[in-house]
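A quick write-up on the structure given underneath.
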Amino acid sequence: MGETPIFPKDTVELVESHVREVNDFPAPGVLFRDITPLIADAHAFGKLIEILADRYRGKVDAVAGLESRGFILGAPLAIAMGVGMLTIRKAGRLPGPVVGIDYDLEYGSARMELQPFTVEDGMRVLVIDDVLATGGTASAAFNLIEQAGGIPTALCVLLELKDLGGRERLGDAIPIESVLSY
C-alpha cells in the first residue's frame, strides 16, 4: 500500500536537511536520528512550527507534548496556534491528581501520566512527538487524553521508524502524520 505524502516536499526537505544520523547510539547497531540541529537552527525551527501551526490551526483545542522532545515541539506550536499545551510525562513527575497508564516498551514497561484537570470535556487534542517507533507511548497518550475527557484527533511526528510497526499498532482510528519516514 503506497502512502500519500502528508507534508509538502519543501517541509520534508527542511526537516531532512536538519536531521543528524548518529551510528551506534544509544547502543551498538542502532542508528539514531538526532533532531538537535533542527531545533538549534532558529530559522528552520521557526519555519517548521509555522508550517505545523498552519496545518492544525482551528482543528484542535490543545497540543499534547510527549516527554521530552514532544515538549520542545509542542510548546511553540501551541503558542503559534493560540491554544493550550498539555504535558504527558513519565510517572512521578507531575504533582497530583494525575491519571496514568502502564504500557509495554520493546524491553520492559513504562508509565505515562497526565493531569486530568488540564483537559476539558470534548477537547480536541493534537499529540506531538519527535519519533513514532513501536507506538506504545502514543497509544498511552491517546488513552490518557480519553480518560481525562478529551478527544485525541491526530498524532504528528517528525520521524516515523516504519520497521518498528507503530502505525500498525495504533490502527486507523486517529490520523498519524509524519514528516519523514524511515
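Counting in this note's numbering, the sequence shown runs from 535 upward without gaps. Every residue, glycine too, gets a C-beta built ideally from N, C-alpha and C.
Start and end of the alpha helix (DSSP H) containing residue i?
i    : result
R703 : G700 to L704
S673 : G670 to Q681
T570 : T570 to A574
R603 : R603 to M615
E550 : K543 to E550
List the DSSP bridge partners of residue i.
i    : result
V661 : A598 and L689
Y637 : A644
I585 : None; I585 has no bridge partner.
L565 : N557
L666 : E694
Judging by CA-CA distance, which residue of the options is the nearest neighbour of residue i?
i    : options                   : result
L648 : D655, V633 and D575       : V633
N557 : L548, E550, D568 and S551 : D568
T501 : A667, G670 and V617       : This structure cannot settle anything about residue 501, because the visible part of the chain is limited to 535 through 716.
L600 : A609, V594, K593 and E654 : A609
D638 : A667, G656, T621 and P631 : A667
E694 : G670, V594, R703 and S715 : S715
T671 : A614, M646 and V691       : M646
I613 : K581, G705, A596 and L628 : A596
I662 : E680, A675, D588 and E584 : A675
L678 : D664, D655, I635 and V659 : I635
M688 : I708, L704 and D697       : Looking at the sequence provided, one finds Ala at residue 688 rather than Met. Ranking the options by Cα distance to A688, first place goes to I708.
D664 : G580, S602 and F541       : S602
R658 : Y590, I583 and F579       : Y590
A578 : L704, A561 and D544       : D544
L586 : K624, I622 and I540       : I540
Beta strand (DSSP E) containing residue i: first to last residue?
i    : result
T652 : Careful: T652 lies outside any beta strand (DSSP E) and carries neither H nor E.
R623 : G618 to K624
L714 : I710 to S715
Buried or exposed: where does residue i fall if 16 or more other Cβ atoms within 10 Å of its Cβ makes it buried?
i    : result
Y641 : exposed
T570 : exposed
P686 : buried
R701 : buried
L548 : buried
A682 : buried
A598 : buried
F559 : exposed
L565 : exposed
G699 : exposed
S551 : exposed
G656 : exposed
V713 : buried
A561 : exposed
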